[in-house]
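Peer 1: Have a look at this one.
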Amino acid sequence: MSETGTQRGESAGVWTRLRNSGAVSGVAAAGALIVLFAVLSVVAPSFLTVDNLFNLASQTSVKAVMAVGVTMVIITGGIDLSVGSVAALSGVVGVLLMAEHGLNPLLGILGGLAVGATAGLVNGLLVSRVGLPPFIATLGMLSVARGVVLILTGAVAVFGAPDSFRLLGQGVLGPVPIPVLVIVLVAVVGHLVLTRTRLGRYAYVLGSNPEAARLSGVAVARHTTSVYVLSGVFAGLGGMIAASRINSGQPNFGEGLELDVIAAVVIGGASLFGGRGTVFGSLIGAFLVAVIRNGAVQLGIGTFYQNVLIGVIIWVAVWWDRYRRGKFGARG
Amino acid sequence: MVEEPARHAEPAEVPRARLLGVSKRFPGVDAVTDVSLDVFAGEVHVLAGENGAGKSTLMKILAQVDAPTSGGIEIDGVPVVHRGPAHARRLGVSMVHQEFALAPDLTVAENLFLGHEPGRLGWIRRRVERARARRLLRRVGLDVRETRTVRTLSTAQQQRVEIAKALAVDTGLLVLDEPTASLTEQESAELFTVLRSLTATGTAVCYISHRLDEIFTIGDRVTVLRDGSVVTTRHVGELDEAALVRSMVGRDVENLYPRVFREPGPVRLRVRGLERAEAVRGVDLSVRAGEILGLAGLIGAGRTELARAVFGAEPATAGRLTLDGRDLRVRSPREAMAAGIGYLTEDRKGDGLALQLGVDVNITLGAPPTRGGLIDLRAERDEAEHYRDRLGIRTPRVNSPVRLLSGGNQQKVVLARVLRAGAGVLFVDEPGRGMDVAAKSEMFRQLDELASEGRAIVLISSYLPELMNMCDRVLVLRAGRVAGELDRAEFSERRLVALATGAGGGDE
């Protein structure tokens with residue numbers, strides 16, 4: 185059996201690996217994306233215009249960037265509910281640093297990322313050192329970060345960043361919008377972190393069996409914290425892109441955004457039980473969510489119906505995850 | 028393929044269960060291929076074979092846990108359509124898995140009748156339930172109150188509850204999957220008595236095992252599986268150990284315990300006054316370079332807790348460690364590993380493996396090879412293939428999820444990781460559990476080799492022949508304390524058992 189098993193494995197192995205990494209869900213989501221694209225471009229002629237597609241890609245960039253961070257957290261078996269609030273906090277603080285303290289845009293953006301990192305650090309420490317469940321730790325941060333934004337701004341949007349700051353969200357390099365380049369960069373970095381670094385490897389192990397990780401000498405607390413810090417950084421980057429696109433720091437930006445981001449990650453094949461997920465899948469998931477929302481607008485379907493639709497898609501995605509586990513996880 | 032009738036069977040007797048050309052395919056693995064098998068009332072039919080031979084898969088098909096890919100089942104001569112384990116139980120086929128399916132916070136009685144409580148209209152007649160529970164417990168020789176919470180029972184007792192639970196539904200065929208894997212010798216002997224009493228009343232027992240001694244003790248007939256196919260079905264009396272091993276492995280295994288005894292070197296690890304909560308109460312031990320020190324004792328004697336305390340998994344509450352003459356503080360497994368202490372966990376699924384991740388990832392878990400800060404996937408693959416070949420890990424591919432492997436092969440993956448870590452002092456906790464003959468022999472050869480390199484090894488085992496053949500010395504624990512120590516020259520099963528149980532001293 186070992187002979188034939190190995191040979192047959194050559195083809196089966198790729199499939200197995202893809203399926204287990206969650207990439208198949210990603211492929212399914214990509215297929216759905218393509219179909220949706222085709223349908224929308226026929227039904228709504230305004231969908232397939234350069235303007236709308238750029239608009240779509242740029243809109244997606246905020247969610248896509250944030251989804252990469254949340255993917256890592258979900259792979260560890262955790263969750264990050266705070267990314268929407270943290271993005272708002274980062275955007276506001278970044279704009280304030282530029283407007284009131286005269287930082288140049290690059291430093292302002294880094295300032296925003298630092299805010300995200302700090303929020304992520306608090307999340308990570310609450311989970312790994314204090315022992316709060318991730319749901320509670322980040323639910324608290326959702327509220328704390330939003331509260332801090334409102335305190336800082338008095339619930340009024342902040343303006344006054346230099347014009348060059350707009351480049352991040354609105355600029356183009358040749359024909360390509362800069363936010364799209366940011367997505368590519370973040371995707372490459374995120375993919376490398378997950379597949380080729382110890383942090384990424386340990387994220388999968390922590391999501392699969394934290395006790396095995398501990399007994400194998402993995403510094404569980406440190407790596408768990410790092411994953412939340414990364415999620416905070418990506419949330420911060422998302423917030424800065426958004427701030428750049430609307431050229432201001434909006435205190436109420438990103439309310440409910442965490443649901444779209446988590447939906448994107450889950451649709452992309454990550455398992456809420458941990459141990460599974462890919463950057464590729466999550467990006468596809470983010471685009472799918474964005475296309476549904478954008479396409480719905482083109483078709484004149486209101487936000488309320490969009491929310492219903494996205495909710496249903498989340499159900500289906502998670503059902504598929506459970507079904508897959510039941511079907512392929514029988515032997516254990 | 029259909030063989031001579033069983034010892035107890037009338038020639039024309041209808042078998043209690045019959046498997047007809049059963050095959051089962053998992054993604055990437057042919058687990059079972061065209062197996063036919065009869066099990067008669069009143070016999071203990073042993074399924075023997077190496078890890079991954081397909082024993083558990085076959086029995087899961089019989090108990091309708093898994094559906095066969097092709098082939099069929101007959102129960103009492105009637106063909107059966109696959110409808111799931113509940114259906115199998117209604118037909119009188121119950122399986123006790125290696126992992127128990129008990130609700131730990133419910134009482135024994137509640138567990139026994141879970142899903143078919145006596146009573147009507149949703150009301151449970153608790154008095155009846157308890158009375159029936161007492162009867163069942165007597166049948167399986169378990170002397171605990173039916174009102175005890177299952178969580179408070181030992182592993183052996185929980186297993187007996189599982190058997191009683193199977194009997195609660197008029198079981199004609201009881202399937203046991205390596206039931207002695209987590210039992211001590213004495214508990215195993217008691218289990219055999221219970222099984223004998225069941226077969227005497229006409230129950231058929233299918234018994235998965237690869238422990239040679241018990242196959243001969245408990246089996247009436249034995250079917251040997253290799254690579255998912257039947258090699259032979261024979262009366263146990265027609266076989267000797269060598270023949271059985273040959274049919275299981277497919278070749279001769281010369282020496283099950285390849286130990287070369289040498290003069291031990293200086294003390295590597297010294298433990299003084301080690302305490303861990305209630306489980307370990309002031310243990311002293313030392314182990315020398317090149318030595319294999321055995322830890323014997325009943326389950327719950329504190330052997331695993333001792334190892335885990337030294338390793339920092341549950342840090343000691345008191346005591347001193349000296350490693351190679353230097354004082355050492357260990358507060359976490361990470362610190363222990365950095366100092367050169369390794370631990371092979373007893374509970375491979377619970378805390379040993381990331382089941383959804385690949386064999387390669389699990390082997391390098393905790394310390395994947397890196398180059399320039401990134402994981403070196405090629406080096407990782409090479410290392411994984413090296414250990415796969417060395418330990419004979421049967422896996423479709425080195426990156427297949429560990430969950431697809433059989434229990435014994437999973438154990439080999441954990442062993443590979445521990446070997447790879449290359450600790451100077453190594454605690455191995457029931458390393459042979461679930462491993463087949465060839466793998467066990469190879470594992471013991473590895474342990475001997477590690478010892479010959481000047482490492483110090485502490486071997487925890489409930490299987491006395493392992494300890495007696497592999498160890499230079501054996502320390503016997505009882506209730507968290509050292510009950511005695513025996514040198515190789517003094518080894519005898521009687522002495523070890525006497526020390527472990529505290530019955531009548533350690534003298535012959």
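Chains as they are written, first to last, in the working numbering: chain A, 185 to 516; chain B, 28 to 535. Note that beta-carbon positions come from the ideal geometry of N, C-alpha and C, so glycine has one too.
#1: Alpha carbon to alpha carbon, how far is residue 227/A from residue 422/B? Give it in angstroms, no decimals.
#2: Does any C-beta atom of chain B lie closer than 9 Å to the C-beta of residue 414/A?
#3: Is there a C-beta anywhere in chain A that falls below 9 Å from the one on residue 454/B?
#4: Give me the Cα-Cα distance between residue 456/A and residue 251/A, rounded to the nearest whole angstrom.
#5: Pull up the distance between the alpha-carbon of residue 372/B and that of residue 439/B, whole angstroms please.
#6: Alpha carbon to alpha carbon, how far is residue 512/A from residue 88/B?
#7: Going by C-alpha to C-alpha distance, which of 355/A, 450/A and 499/A sits closest to residue 211/A?
#8: Quick check: the stretch 364-375 of chain A against the stretch 308-318 of chain A, are there 3 or more CB pairs under 8 Å?
#9: Please specify which runs of the alpha helix (DSSP H), each continuous and at least 4 residues long, are wholly inside the stretch 250-298 of chain B, giving them in chain order.
#10: Should residue 454/A be flagged as near chain B, meaning a C-beta pair shorter than 9 Å?
#11: What three-state label does DSSP hand residue 126/B in the structure shown?
#12: Looking only at its chain, what residues have a beta carbon closer than 6 Å to the beta carbon of residue 120/B, apart from the 5 residues adjacent to it on each side?
#13: Output yes or no for whether 9 Å exceeds the beta carbon distance between residue 494/B and residue 455/B.
#14: On the three-state DSSP scale, how would you describe residue 442/B?
#15: Given that a residue counts as buried once 16 or more other Cβ atoms are within 10 Å of its Cβ, and exposed if not, what is residue 398/B?
#16: In chain A, which residues lie with their C-beta within 7 Å of the C-beta of residue 383/B?
#17: Assuming residue 489/B contacts residue 457/B (C-beta within less than 8 Å), just tell me the rounded distance between them.
#18: Could you check what DSSP says for residue 457/A in three-state terms: helix, strand or coil?
#19: For residue 319/B and residue 185/B, I'd like the C-alpha separation in whole angstroms.
#20: Can the beta-carbon of residue 235/B be found closer than 9 Å to that of residue 364/B?
#21: Output yes if chain A places a C-beta closer than 9 Å to the C-beta of residue 340/B; else output no.
#22: So with CB distances below 7 Å, who are the chain A contacts of residue 364/B?
#23: Can you check the stretch 333-388 of chain B for any alpha helix (DSSP H) of at least 4 residues that lies completely inside it and give the ranges in chain order?
#24: So the beta strand (DSSP E) residue 510/B belongs to, where does it begin and stop?
#25: Taking one C-beta from the stretch 65-76 of chain B and one from the stretch 106-113 of chain B each time, how about it: are there three or more such pairs within less than 8 Å?
#26: State the DSSP-derived secondary structure class of residue 196/A, mapped to helix, strand or coil.
#27: Taking only beta carbons into account, state which residues of the stretch 393-404 of chain B come closer than 8 Å to chain A, listed in chain order.
#28: Does DSSP classify residue 101/B as helix, strand or coil?
#29: Please compile the residues from chain B whose C-beta is within a distance smaller than 9 Å of the C-beta of residue 389/A.
#30: So, for residue 418/A: in the same chain, excluding its five sequence neighbours on each side, which residues have a beta-carbon less than 6 Å away from its beta-carbon?
#31: Quick one: any contact between the stretch 395-410 of chain B and the stretch 461-472 of chain B, if contact means 3 or more CB pairs under 8 Å?
#32: When Cβ atoms are compared, which residues of the stretch 339-354 of chain A fall closer than 9 Å to chain B?
#33: For the stretch 337-344 of chain A and the stretch 426-443 of chain A, state whether three or more C-beta atom pairs, one from each stretch, are separated by less than 8 Å.
#34: Where does the unbroken beta strand (DSSP E) through residue 252/A begin, and where does it stop?
#35: Curious, which full-length beta strand (DSSP E) runs of at least 3 residues does the stretch 134-219 of chain B contain?
#36: Mind checking residue 519/B: buried by the 16 CB within 10 Å criterion, or exposed?
Peer 2: So, from the listed chains and residues:
#1: Here residue 422/B refers to the residue found at position 395 of the second sequence. Here residue 227/A refers to the residue found at position 43 of the first sequence. Distance between the alpha carbons of residue 422/B and residue 227/A is about 50 Å.
#2: On the first sequence, position 230 is the one that residue 414/A refers to. So no, residue 414/A is outside the interface.
#3: Counted from its first residue, the second sequence places residue 454/B at position 427. For residue 454/B, the answer is no, since every Cβ of chain A falls outside 9 Å of its Cβ.
#4: The residue labelled residue 456/A in the question sits at position 272 within the first sequence. The residue labelled residue 251/A in the question sits at position 67 within the first sequence. Between residue 456/A and residue 251/A, the C-alpha separation is close to 14 Å.
#5: Within the second sequence, numbered from 1, the residue matching residue 372/B stands at position 345. Within the second sequence, numbered from 1, the residue matching residue 439/B stands at position 412. Roughly 12 Å separates the two Cα atoms.
#6: Translated into positions along the first sequence, residue 512/A becomes position 328. Translated into positions along the second sequence, residue 88/B becomes position 61. Residue confidence is low: residue 512/A scores 48 on pLDDT, short of 50, so the model does not pin down where it sits. No coordinate-derived value is stated.
#7: In the first sequence, the residue the question calls residue 211/A occupies position 27. The shortest C-alpha separation from residue 211/A is found at 450/A.
#8: no
#9: 268-276
#10: Residue mapping note: residue 454/A aligns to position 270 of the first sequence, counting from 1. No, no contact with chain B.
#11: Taking the second sequence and counting its residues from 1, one reaches residue 126/B at position 99. In the structure shown, residue 126/B sits in coil (DSSP, three-state: anything other than H, G, I, E or B).
#12: In the second sequence, counting from the first residue as 1, residue 120/B sits at position 93. The answer, listed in chain order, is 90 and 200.
#13: Locating residue 494/B in the second sequence gives position 467, counting from the first residue. Locating residue 455/B in the second sequence gives position 428, counting from the first residue. No; because the gap between Cβ atoms is not below 9 Å, this pair is not in contact.
#14: The sequence position of residue 442/B within the second sequence is 415, counting from 1. In this structure, residue 442/B counts as helix in the three-state DSSP scheme.
#15: Here the question's residue 398/B lines up with position 371 in the second sequence. By the 10 Å Cβ count, residue 398/B comes out exposed.
#16: Here residue 383/B refers to the residue found at position 356 of the second sequence. Result: 204, 392, 459 and 460.
#17: For the purposes of this step, residue 489/B is taken as the residue at position 462 of the second sequence. For the purposes of this step, residue 457/B is taken as the residue at position 430 of the second sequence. About 7 Å; that satisfies the 8 Å criterion.
#18: In the first sequence, counting from the first residue as 1, residue 457/A sits at position 273. Residue 457/A: coil per DSSP, three-state reduction.
#19: Position 292 of the second sequence holds residue 319/B. Position 158 of the second sequence holds residue 185/B. Cα to Cα, residue 319/B sits roughly 32 Å from residue 185/B.
#20: What you label residue 235/B is simply residue 208 of the second sequence in a count that begins at 1. What you label residue 364/B is simply residue 337 of the second sequence in a count that begins at 1. Not closer than 9 Å, so no.
#21: As a working mapping, residue 340/B is identified with position 313 in the second sequence. Yes, contact with chain A.
#22: Here residue 364/B refers to the residue found at position 337 of the second sequence. 401, listed in chain order.
#23: 360-366
#24: As a working mapping, residue 510/B is identified with position 483 in the second sequence. That run of the beta strand (DSSP E) goes 508-514.
#25: no
#26: Counting from 1 along the first sequence, the entry for residue 196/A is found at position 12. In this predicted model, residue 196/A has a pLDDT of only 41, less than 50, meaning its place in the structure is not dependable; the value taken from the coordinates is given anyway. Here residue 196/A sits in helix by DSSP.
#27: 393, 394, 395, 397, 400, 401, 402 and 404
#28: Within the second sequence, numbered from 1, the residue matching residue 101/B stands at position 74. Of the three classes helix, strand and coil, the one that applies to residue 101/B here is strand, per DSSP.
#29: The residue you call residue 389/A lines up with position 205 of the first sequence. Those within 9 Å of residue 389/A in chain B are 381, 384, 388, 389, 392 and 393.
#30: What you label residue 418/A is simply residue 234 of the first sequence in a count that begins at 1. Contacts found: 249, 250, 252 and 253.
#31: no
#32: none
#33: yes
#34: Numbered from its first residue, the first sequence carries residue 252/A at position 68. Careful: residue 252/A lies outside any beta strand (DSSP E), inside the alpha helix (DSSP H) at 234-259.
#35: 200-204
#36: Here residue 519/B refers to the residue found at position 492 when the second sequence is read from its first residue. Residue 519/B comes out exposed.
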